[in-house]
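Here's the structure we're looking at; comments come further down.
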Amino acid sequence: MPVHLGREIFPDEVMTADWGRVMRIFLERVKTLPLAGTSARDLIDLWMHELKIRRRNAARRREA
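In our numbering, the protein residues as written are 246 to 309.
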């Protein structure tokens, strides 16, 4: 962990949404993953990793 889950976890439209909505989408999509034995800390690390990727990709799009 962390594992990159792909774009479908954070589609572009959620990057401008409120954080509550973003978290609900994240949790809904994470439910489909094989997470047996995964700690809350690992999920938080995964969340932060995905946000870092999304922010970096958004910055690259702005620069282009």
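In this text, a Cβ means the ideal position worked out from N, Cα and C, and glycines have one as well.
The continuous alpha helix (DSSP H) containing residue 285 extends over residues 285 to 308. Only buried fits residue 295, as 16 or more other CB atoms lie within 10 angstroms of its CB. Comparing alpha-carbon positions, the option among 306, 284 and 289 lying closest to residue 268 turns out to be 289. Across the structure, residue 306 and residue 300 are spaced so that their CA atoms are roughly 10 Å apart. Residue state for residue 278 is assigned as coil, using DSSP reduced to three classes.
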